[in-house]
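K.L.:
Heads up: the sequence shown runs through residues 0 to 205, numbered per numbering that gives the first Met the number 0. Glycine residues also receive a C-beta, built at the ideal position from the N, C-alpha and C atoms. Let me begin by handing over the structure; questions about it come next.
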Amino acid sequence: MEQKEKTFESTWVMLVCVSVAYIAGGVLLLLFPQVSLPALCQAMGILLIIVGIVLVFAYFLRKRYLTPGHFEFAGGAACILLGIFSLMRTQEVAFAFSQILALLVLGDSLLKLQNSTDLLRLKEQKWWVVLLAAGASILLAMIALANPFGSDQLRLQYTYVVLIADGVLNIAVVLFLRHAHRRYEDLSAEDTEEFQPAAWEHLSNH
């Protein structure tokens, strides 16, 4: 049980960190639109390589291979490859920068969609709130991908706003999920405590 709680906590902390990075990145890109996209993509490539190396080292140093369900090595290798691609094909990545951000938001939206079904199975009454958040993120990401804007500058600004909105929604969903899981665990513990005395009394009578 403790291991499960630690897994949940680490996952939620990671999601919050990613969401904060979305918000901070979106705000900075809105405030400094003069930043060169090729230079930004090169910096992103270097950052991805560093993150990938850290994940690979963490996989071996923390002996994650002894515990199933961890993907630090695969995730680290993917980050390294993406970082190398960003450095080798900077112009192509810069051209598709807004689409890449929109795809990231779309991926988050699908995770929120799964979270809503998880809450439904936990019999959480307000599971539909997360479903609405997922639907809103999907709609915003699809608009960014469809690119109905008249200029590249408007498209980029819209994508940055979507990135910020998705980060805020992610944090709200994480907080909602934590509350729902804790309430479910409390109810399960109460049911267990009520069942055990009754079962013991039944056995003692025999």
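(1) How about residue 45 and residue 79: are their beta carbons less than 8 angstroms apart?
(2) I believe residue 207 touches residue 72 by the beta-carbon criterion, under 8 angstroms. Please report the beta-carbon distance rounded to the nearest angstrom.
(3) The alpha helix (DSSP H) spanning residue 98 covers which residue range?
(4) Taking residue 183 as the reference, which of 135, 99, 41, 119 has the closest Cα?
(5) With burial defined as no fewer than 16 other Cβ atoms inside 10 Å of the residue's Cβ, what is the status of residue 111: buried or exposed?
(6) Do the stretch 154 to 172 and the stretch 96 to 103 meet, that is, are 3 or more Cβ pairs less than 8 angstroms apart?
(7) Apart from the five residues just before and just after residue 16, which ones in its own chain have a Cβ nearer than 7 angstroms to its Cβ?
(8) Compute the beta-carbon to beta-carbon distance between residue 172 and residue 104, rounded to the nearest angstrom, for a pair I have assumed lies under 8 angstroms.
(9) Write down the C-beta distance between residue 41 and residue 85 rounded to the nearest angstrom, noting that I regard them as a contact closer than 8 angstroms.
(10) Taking a contact to mean a Cβ-Cβ separation below 8 angstroms, would you say residue 21 touches residue 142 in this structure?
(11) Relative to the alpha-carbon of residue 121, which residue among 178, 93, 106 has its alpha-carbon at the smallest distance?
(12) Measuring CA to CA, which of 88, 52, 24, 23 is closest to residue 37?
(13) Which residue from 169, 180, 181 puts its Cα closest to that of residue 13?
(14) Leaving out the 5 sequence neighbours to the left and right, which residues in its chain are closer than 6 angstroms to residue 75 when beta-carbon positions are compared?
(15) If we count the other Cβ atoms within 10 Å of its Cβ and call it buried at 16 or more, is residue 28 buried or exposed?
P.N.:
According to the structure data:
(1) Residue 79 sits away from residue 45, with the two beta carbons spaced by 8 angstroms or more.
(2) In the structure displayed, the chain extends from 0 to 205; residue 207 sits before or after that span and is not available.
(3) Where residue 98 is concerned, the enclosing alpha helix (DSSP H) stretches over 96 to 120.
(4) Ranking the options by Cα distance to residue 183, first place goes to 119.
(5) Classification for residue 111: buried.
(6) These segments touch.
(7) Annotation for residue 16: no residue places its beta carbon closer than 7 angstroms to its own, counting only its chain and skipping 5 residues before and after.
(8) About 13 angstroms; that fails the 8 angstroms criterion.
(9) Sure, about 7 angstroms apart at Cβ, within 8 angstroms.
(10) Result no, Cβ atoms of residue 21 and residue 142 do not sit closer than 8 angstroms.
(11) The option with the nearest alpha carbon to residue 121 is 178.
(12) It is 88 whose Cα lies nearest to the Cα of residue 37.
(13) Minimum Cα distance to residue 13 is reached at 169.
(14) Cβ neighbours of residue 75 beyond the five flanking positions: 51, 54, 55.
(15) Residue burial is scored here from C-beta neighbours: residue 28 has at least 16 other C-beta atoms within 10 angstroms and is therefore classed as buried.
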